[in-house]
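Mapping of the sequence shown onto the UniProt record's numbering: residues 1 to 515, in sequence order.
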Amino acid sequence: MEQNNVRHRCKPQEEDRLGALTDDILLSILGSVDLATAARTSALSTRWRSLPWLLPDLNLHVRDFLPAPCPDYPVAAGQQIYFYSQIPAQHIDEAMASLTRAARSFLRIKGSSRVSRMSLEIYLIGNYSHDIGPLVRDAIDNGMIKELDLTIADDKDYDCKGGDMLRKARDVDGFFSAYPNILPCLTRLQLYNLRFAEGDIHNVLFDCCKQLQHLSLEHCDVGDCSVWQVDSPNSVLRVLEVRYSYLKRLEVLCLPKLELLSWEAWMHCEPPLHFGYVPSLKELFLVCGADLEHKGFSLSQLLDGATEIHTLTLNFQGEKECFVDFFLDLSVDQLWILPESKQLRAAFSNLRKLSIHGIYVEFDLLWTINLLEAAPSVEIFDIEVFEHPCLVLYWERVGIQRVKPSWKVAGFTSCNKWKLRELHVTNFSPLMEQHMLFVREVMDRAPNLKTVILKEDDEPCKDCEAMDALPNLVGGLFPRTKNEQETIAQQLRDNMVGSSSLKIIFKSIVSAVVF
């Protein structure tokens with residue numbers, strides 16, 4: 001009884017502490033949680049009752065309304081492994097019903113909200129689009145919503161076939177046709193598993209979306225082995241993301257405002273990109289694990305026309321993988337880019353940060369210096385080593401083995417013009433001789449180098465941890481004790497002129513130590 005009285009007496013004090021906060025602070029707190037949680041706070045007190053309706057940004061995401069979290073499961077897409085949340089159809093239906101009720105509550109009365117920007121994630125299932133569509137249409141018409149971030153989610157993984165993709169594209173086109181004022185309001189759009197007619201996709205995404213700044217297409221195309229040409233001189237698109245597409249090539253003929261382009265996992269052996277007029281393109285991310293079909297292409301030719309790039313990331317996702325064939329010699333020994341160095345100087349002329357990720361732990365690192373030598377303007381060189389026993393077991397089971405890259409290290413020329421200030425190596429292991437040799441080689445050749453950061457992976461793989469595989473990694477564990485780190489730092493500095501001013505930082509998950 002006494003405990004109940006104590007709790008009862010504390011409630012006014014707790015409410016008084018919250019009551020001392022201004023509306024702006026409380027709205028900032030509400031803005032950091034999902035809408036379902038924010039709406040529930042309206043039951044706390046009379047003052048809180050109206051606060052969720054004063055949020056300037058309205059975030060209605062169907063995943064926030066799911067009745068239960070869904071575990072990730074692995075899906076093989078070609079030779080890549082991706083992880084998805086498998087959501088039961090009943091849960092999706094319940095979440096869409098809850099989202100529709102929330103949208104009706106927030107959008108039904110003109111002037112009842114300060115909302116100017118809305119982020120909406122929905123599934124086009126059942127009749128929910130006929131309920132959500134008019135609410136969004138009317139909110140745009142009455143001036144409540146001026147910017148819309150829209151995600152049309154899908155419950156299928158990359159096994160979704162051409163017929164399903166065409167049907168889903170018709171559903172999306174039907175939604176936009178029924179509520180045409182949505183397209184001009186879009187500032188961000190994310191789509192999944194769609195196959196458009198080429199004229200349709202250009203009309204929808206560029207001719208009609210006058211405000212669109214961020215476009216993300218996952219498993220979308222205009223047909224297998226198709227070429228998609230983008231020519232939109234009036235577009236304000238700044239970010240374009242493509243993931244797992246059967247497009248043979250994306251030709252960006254004209255996107256004058258484009259600043260960032262990312263393509264993860266292409267299926268064809270030819271260069272996936274061609275650039276025309278992209279004067280604002282500053283960041284490019286190319287992510288793919290090579291397989292037998294990837295014979296390698298010229299990176300310098302791919303980058304022709306995109307010479308203003310200052311940040312380039314190449315991620316090989318564990319480098320070369322090939323299926324074992326016991327009757328034919330199908331081994332190939334190159335990455336999905338051909339060996340180049342001097343040929344890249346024009347494309348790399350403005351490069352400031354160069355990242356080479358996904359290098360298999362047992363492979364050499366010295367070949368990457370060929371790329372660094374072509375980019376004397378680079379200030380940050382970022383290397384990430386790939387080691388995932390959880391995936392190695394899968395590759396062994398389905399008959400995939402690795403072939404080392406055949407790049408030969410060219411005779412290095414004078415490095416006096418190098419502007420390199422920082423070297424980052426993630427998943428560094430002092431037990432791997434090639435790691436120590438690589439770091440020392442860069443330290444010797446970069447006269448302006450100020451900092452070497454040797455990092456432990458800050459996002460440990462849950463699947464590797466579940467296998468209890470981390471203590472048995474090929475590269476060994478990251479050095480954690482200060483004595484180990486000091487010994488390694490000294491080994492790297494031995495006989496090196498002018499190394500006293502160079503900082504060597506060991507950055508583990510829990511700490512960072514400078515030597």
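Where a beta carbon is used, it is the ideal one built from N, C-alpha and C, also for glycine. Computed from a predicted model, the values in this text were never measured in an experiment.
Whole runs of the beta strand (DSSP E) within the stretch 131 to 193, excluding any shorter than 3 residues: 147 to 153, 186 to 192
Could you please give me the residues that DSSP links to residue 266 through a beta bridge? As a working mapping, residue 266 is identified with position 266 in the sequence shown. For residue 266, which the question treats as bridged, DSSP gives the partners 245.
Going by Cα to Cα distance, which pick from 354, 314, 193, 350 is closest to residue 335? Along the sequence shown, read from residue 1 onward, the residue named residue 335 stands at position 335. Among 354, 314, 193, 350, the Cα nearest to that of residue 335 is on 314.
Can you round the beta-carbon distance between residue 220 and residue 268 to whole angstroms, since I take them to be within the 8 Å contact cut? Taking the first residue of the sequence shown as 1, we reach residue 220 at position 220. Taking the first residue of the sequence shown as 1, we reach residue 268 at position 268. Wrong, their Cβ atoms sit about 16 Å apart, outside the cutoff.
Suppose contacts are defined by Cβ-Cβ distances below 8 Å. Is residue 492 in contact with residue 443 by that definition? On the sequence shown, residue 492 is found 492 positions in, with the first residue counted as 1. On the sequence shown, residue 443 is found 443 positions in, with the first residue counted as 1. The answer is yes: Cβ separation under 8 Å.
Cβ contact check for the stretch 166 to 185 and the stretch 243 to 260: 3 or more pairs under 8 Å: no
Grouping DSSP H, G and I as helix and E and B as strand, with all else coil, what is residue 22? The count along the sequence shown starts at 1 and reaches residue 22 at position 22. DSSP places residue 22 in coil when its eight states are reduced to three.
Residue 519 versus residue 66 - alpha carbon distance: Here the chain comprises residues numbered 1 to 515, so residue 519 is not present and cannot be evaluated.
If distances are taken between C-alpha atoms only, which option among 386, 347, 306, 507 comes closest to residue 558? Because the chain spans 1 through 515 in this model, residue 558 falls outside it and cannot be assessed.
What's the call for residue 308, buried or exposed, on a 16-neighbour Cβ count within 10 Å? Taking the sequence shown and counting its residues from 1, the one referred to as residue 308 is at position 308. Exposed is the call here.
Taking the alpha carbon of residue 286 as the reference point, which residue from 158, 302, 264, 515 has its own alpha carbon closest? To locate residue 286, count along the sequence shown from 1; it is residue 286. Residue 286 has its Cα closest to that of 264, out of 158, 302, 264, 515.
For my contact list, residue 254 and residue 280 are in at a C-beta cut-off of 8 Å; report their separation, rounded to the angstrom. Taking the sequence shown and counting its residues from 1, one reaches residue 254 at position 254. Taking the sequence shown and counting its residues from 1, one reaches residue 280 at position 280. The Cβ separation is near 12 Å, so there is no contact.
Need the endpoints of the alpha helix (DSSP H) that residue 553 sits in, please. Since the first and last residues shown for the chain are 1 and 515, residue 553 lies out of range.
Per-residue DSSP class, three states only, for residue 231: The residue you call residue 231 lines up with position 231 of the sequence shown. Of the three classes helix, strand and coil, the one that applies to residue 231 here is strand, per DSSP.
Report the CB separation of residue 439 from residue 502 in whole angstroms; it is logged as a contact under 8 Å. Numbered from its first residue, the sequence shown carries residue 439 at position 439. Numbered from its first residue, the sequence shown carries residue 502 at position 502. That pair is no contact at about 11 Å.
Beta strand (DSSP E) segment containing residue 385, residue limits: Indexing the sequence shown from 1 puts residue 385 at position 385. Residues 380 to 386.
Can you name, in chain order, every residue of its own chain whose Cβ lies under 6 Å from the Cβ of residue 118, other than the five neighbours on each side? For the purposes of this step, residue 118 is taken as residue 118 along the sequence shown, with counting starting at 1. Closer than 6 Å at Cβ, skipping near neighbours: 58, 145, 148.
Would you check if the distance between the CB atom of residue 318 and the CB atom of residue 358 is smaller than 8 Å? The sequence position of residue 318 within the sequence shown is 318, counting from 1. The sequence position of residue 358 within the sequence shown is 358, counting from 1. Their beta carbons are under 8 Å apart, which means residue 318 touches residue 358 by this criterion.
Considering only their Cβ atoms, is the gap separating residue 310 from residue 257 smaller than 8 Å? Position 257 of the sequence shown holds residue 257. Position 310 of the sequence shown holds residue 310. Their beta carbons are not under 8 Å apart, which means residue 257 does not touch residue 310 by this criterion.
Below 8 Å on the Cβ atoms is my guess for residue 259 versus residue 238; work out the distance and round it to an integer in Å. Here the question's residue 259 lines up with position 259 in the sequence shown. Here the question's residue 238 lines up with position 238 in the sequence shown. The Cβ separation is near 5 Å, so the contact holds.
Sequence-distant residues of the same chain with beta carbon closer than 7 Å to residue 110, five excluded per side: Along the sequence shown, read from residue 1 onward, the residue named residue 110 stands at position 110. Only weak support is given to the placement of residue 110: the predicted model assigns it a pLDDT of 46, under 50, and the question is left unresolved by the model.
So who's on the other strand from residue 512, going by DSSP bridges? Along the sequence shown, read from residue 1 onward, the residue named residue 512 stands at position 512. The partner list for residue 512 (beta bridge, DSSP) reads 507.
Compute the distance between the beta-carbons of residue 420 and residue 385, then report whether it is under 8 Å. The residue you call residue 420 lines up with position 420 of the sequence shown. The residue you call residue 385 lines up with position 385 of the sequence shown. Not closer than 8 Å, so no.
For residue 416, the three-state DSSP class (helix, strand or coil): The sequence position of residue 416 within the sequence shown is 416, counting from 1. Three-state result, residue 416: coil.
In whole angstroms, what is the alpha-carbon distance linking residue 427 and residue 188? On the sequence shown, position 427 is the one that residue 427 refers to. On the sequence shown, position 188 is the one that residue 188 refers to. Taking the straight line from one Cα to the other gives about 34 Å.
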